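Asks: Below is a structure I'd like to ask you about.
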């Protein structure tokens, strides 16, 4: 629902980041970035920390929220679209997961839960490729694959897992301490 540059979305918070932005030499403000996962994709929401008490709750991972604000589109799909200049941020009741049907002969399969822990458990079973990881986590949707790739990059960056490239194919394994 988008009109005159204002968008309203509802989704689940999957990540919370803190930061600060310098406006001028003398003025810096803190902000909190919320990564929201919706049916249409992922959005990042920029919330000024001085105004966070105005909304009546502290945003945490796993909460469902409704956001209204100005949308800045992503550039070429390199990162998610961002919402700033918020006019509404409210906590809502969680939505029930809609089952995804793979095949008429199969029973309903719910969308997978992708966390750092579930990825590490799937890789712990042995060295695996991206395709093997997708099948181990039962991922069917391309948005879930994209989200999992972002999680993998973060795990590699934090040195929890190692990526080895053999014959142009990436293999993931857990770092031995």
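Numbering (my numbering), first residue to last: 842 to 1018. All C-beta atoms, glycine included, are put in the ideal place defined by N, C-alpha and C. Nothing here was measured: the structure is a model prediction, and the numbers come from that model.
1. Would you check if there are 3 or more beta carbon pairs closer than 8 angstroms linking the segment 958-969 to the segment 926-934?
2. Tell me the rounded alpha-carbon separation between residue 1010 and residue 883.
3. Please name the residue, chosen from 872, 964 and 854, that lies closest to residue 996 on a Cα-to-Cα basis.
4. Go through its chain and collect everything with a Cβ distance to residue 853's Cβ below 6 angstroms, but skip five positions before and after it.
5. Whose CA, out of 890, 881, 857 and 880, lies closest to the CA of residue 874?
6. Applying the criterion that 16 or more other CB atoms from any shown protein chain within 10 Å of the CB defines a buried residue, is residue 1013 buried or exposed?
7. Which residue's Cα is closest to the Cα of residue 849: 891, 922 and 986?
8. I need the DSSP call for residue 907, collapsed to helix, strand or coil.
Replies: From the atom records:
1. no
2. 27 angstroms
3. 964
4. 878 and 905
5. 857
6. buried
7. Nearest neighbour of residue 849 by Cα position, chosen from 891, 922 and 986, turns out to be 922.
8. strand
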